[in-house]
Amino acid sequence: MDNMSKIELKEILQSRYPNLALVMDHLLDIFIDLTGEKYQASENIGCGARPLSEDTAESRSENKKPSLEGRELSLRDLLNWCSRIAYNFDSSSPTTAMNIFQEALDCFTAMLSNQGSRQKMAKVIGSKLNISKKKVEFFCELFKPEILIGEEEVSVGRVHLMKKKTLALSVKRTKQTFAATRPSAVLIEQLAVCVVKGEPVLLVGETGTGKTSTVQYLAHITGHHLRVINMNQQSDTADLLGGYKPVDNKLIWLPLRESFEELFYQTFSRKKNQTFLGHIQTCYRQKRWHDLLKLMQHIHKSAINKEAKEGASGSPLKEKWEAFGLKLNHAHQQMKMTENALLFAFVEGTLAQAVKKGEWILLDEINLAAAETLECLSGLLEGSSGSLVLLDRGDTEPLVRHPDFRLFACMNPATDVGKRNLPPGIRNRFTELYVEELRNEGDLQILIMDYLRGLNVSKNTVQGIVK
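The opening position of the sequence shown corresponds to residue 1 in UniProt numbering, with each subsequent residue numbered one higher.
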């Protein structure tokens, strides 16, 4: 299929983002300039030839080398950019042009490894939005967003993230060392925007640049549970989604117990039932499955009656208890059938569990996994509502995706032996961010001071280490 013309692109964007009608032509001009001949040629068919500017052509030259950059700008990037701008768009605001510029930097230039190319593309975008070269250079070289951590909210530059409230409020979090250098603060802001918009993120950079630690720090300060999966050549779909395995009864009762406790806290008083909850834990720990089943069945019956008395016939809580009752009966049947036999059951993989529970997942070294293994991610990467279908378990419907679930991935650039790029069909579904190495002396000093804070190192010593 040929690339779409500017007129066709405009029709698509107008139908999806009607509130951007006033700036639609401006946005398309910027995108077409950045993509070079790709959409330029299709525009020329209906609109007459328009020569590509020297700066634009030069800035896109590096991006045409798949071995170095791995991907080109596509229609997905345009839609992603427009989606970000359309969120709280106000044409009368004096900061609108700057907001559009910042989103364009994240969507179109953040994946480039060469700083010169990033600046040239930024200048092209800035010139279209009437932003001065000095301001463009400031955002590319000096801008450092402020990170403020409050009791209920975390603010990173232009983004505000609510902290996740968990039941385990009494657990004290250990303080995590994180050096707020300019590149790391910019990366935190870029990640925070992706989290707010529900975009999957791909971090590309050399070993030791802080890809994994930055995601861990963001999860830490926002109160989210992050699971890290190290991918390799032997990684299989079953590792991510799950599969049938010989299991102990404990693995069958663990998800049931978690579901039971979650529903119990929503229905009954936690403080008044500490003794009962202690019995549940004791039965589980001592593998007294029949006693555990009786306790859960008793509470299930009480909860259904309680909801019925309160007149909430179609309440979500009653429906959850009814669904839990079906799971309980299924577990009871399994226990009867496998008392004297080896028990096989479908054990959900780490990714499937995270999708359901609303946890964050980081796929480290994602480009080492086989393309066939990564194909299972396609559905999950289709926007903020994408999910998974566990076909091996016999499911016909996708898993219910928790609104808090977020997907991150890390990889080294494919510039060395044994390293390879992600398949384009998977890669262009991510919002890609390049993580550069620290070169600025001031940033290196901040890094050393933060990590040697407990040793009371003098400034002269730090400067000596840097030099």
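Beta carbons are placed, not taken as given, at the ideal position from N, Cα and C, and that holds for glycine.
Residue i vs residue j beta-carbon contact at 8 angstroms
i	j	result
Leu390	Gly198	no
Val154	Lys163	yes
Ile229	Ile131	no
Thr212	Asp364	yes
Val201	Phe430	yes
Leu256	Ala179	no
Leu148	Thr222	no
Thr181	Val435	no
Val355	Phe405	yes
Ala371	Pro413	no
Gly157	Glu189	yes
Ser91	Leu28	no
Leu9	Thr35	no
In DSSP terms, what residue i is bridged to
i	result
Asp364	Asn230
Thr431	Val201
Asn344	What sits at residue 344 in the sequence shown is Phe, not Asn. In DSSP, Phe344 forms a bridge with Pro246.
His160	Ser155
Ala409	Leu202 and Leu363
Among the options, nearest to residue i - alpha-carbon criterion
i	options	result
Glu375	Thr35, Ile426, Met121 and Ile446	Ile426
Leu380	Glu365, Gly394, Leu399 and Arg393	Leu399
Trp81	Ala104, Ser387, Asn421 and Glu141	Ala104
Leu351	Ala308, Val196 and Phe408	Phe408
Gly358	His402, Tyr434, Arg182 and Asp77	His402
Phe346	Ile100, Leu203, Ser92 and Ala238	Ala238
Cys140	Gln115, Val159 and Glu151	Gln115
Asp25	Lys336, Arg393, Pro183 and Leu78	Leu78
Glu432	Asp33, Gly394, Val193 and Met231	Val193
Leu112	Val159, Val204, Leu142 and Val196	Val204
Lys306	Ile446, Phe260 and Lys318	Lys318
residue 500	Gly126, Leu328 and Leu343	The question about residue 500 has no answer here: the residues shown for the chain are numbered 1 through 467.
Cβ-based burial, residue i [other Cβ within 10 Å; buried from 16]
i	result
Asn367	buried
Gly46	Caution applies to Gly46, whose pLDDT of 46 falls short of 50 and renders its modelled position unreliable; the model cannot decide the point.
Pro145	buried
Leu187	buried
Leu428	Residue identity differs from the one stated: residue 428 is Asn in this sequence, not Leu. It is buried - the Cβ of Asn428 has at least 16 other Cβ atoms within 10 Å.
Asp2	exposed
Leu20	buried
Tyr265	exposed
Lys294	exposed
Ser42	Unreliable placement is indicated for Ser42, whose pLDDT of 49 sits below 50; no coordinate value is reported for it.
Arg50	Any answer about Arg50 is weak, because its pLDDT of 48 lies below 50 and its placement is not dependable; what the coordinates show is given next. Burial call: exposed.
Pro66	For Pro66, the predicted model reports a pLDDT of 34, less than 50, meaning its position is unreliable; a value from the coordinates is still stated below. Label assigned to Pro66: exposed.
Arg270	exposed
Ile299	buried
Glu348	buried
Evaluate the contact criterion for the region 278-291 versus the region 247-265: three or more CB pairs, one atom per stretch, below 8 angstroms. Taking one beta carbon from each stretch, the region 278-291 and the region 247-265 have 3 or more pairs nearer than 8 angstroms; the two touch.
Under 8 angstroms, with one C-beta from each stretch per pair, do the region 120-127 and the region 91-111 reach the 3-pair mark? By the criterion of at least three beta-carbon pairs nearer than 8 angstroms, the region 120-127 is in contact with the region 91-111.
Touching by the beta-carbon criterion (3+ pairs, under 8 angstroms), the region 275-284 and the region 310-329: In this structure the region 275-284 does not lie against the region 310-329, because fewer than three pairs of beta carbons, one per stretch, are closer than 8 angstroms.
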